[in-house]
Amino acid sequence: MNFIHRIILFWIIAAAMPLLAGCQDGEVVRLKDRAAIPFDRMVAEASKSRVIIVGETHDPREPGPP
C-alpha cells in the first residue's frame, strides 16, 4: 500500500471513528473469528487490506405493546 492510500485509509477510519465509538463498548469484533480486539489493532489490521467493509449489528427488537 503506497503512502497516498495510507493517508486516504487514515481519513476514512478517522471519519468513521465517532460513529463506531458511539455504538461500541470500547471493543471491535473481528468477524472471521468473533474475537474482540482493541480499536488500534483493528486500524493496524485494516491498513494491510485492499478492501475494507464496515458494518454494524443490532440486537433484535423486543415486541412492543399491541
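Quick note: the sequence shown uses my numbering, first residue 3, plus one each step. C-beta: ideal position from N, C-alpha, C; glycine also.
Three-state secondary structure (DSSP) at residue i?
i     : result
Val45 : helix
Arg8  : helix
Ile14 : helix
Val56 : coil
Roughly how many angstroms separate the alpha carbons of residue i and residue j, rounded to a whole number?
i     : j     : result
Ala16 : Pro65 : 36 Å
Ala38 : Arg8  : 24 Å
Ala46 : Pro62 : 31 Å
Val56 : Leu33 : 11 Å
Ser51 : Trp13 : 15 Å
Ala48 : Glu58 : 16 Å
Just checking my contact of residue i with residue j at CB under 8 Å: how many whole Å lie between their CB atoms?
i     : j     : result
Phe41 : Val53 : So it is not a contact: roughly 20 Å between Cβ atoms.
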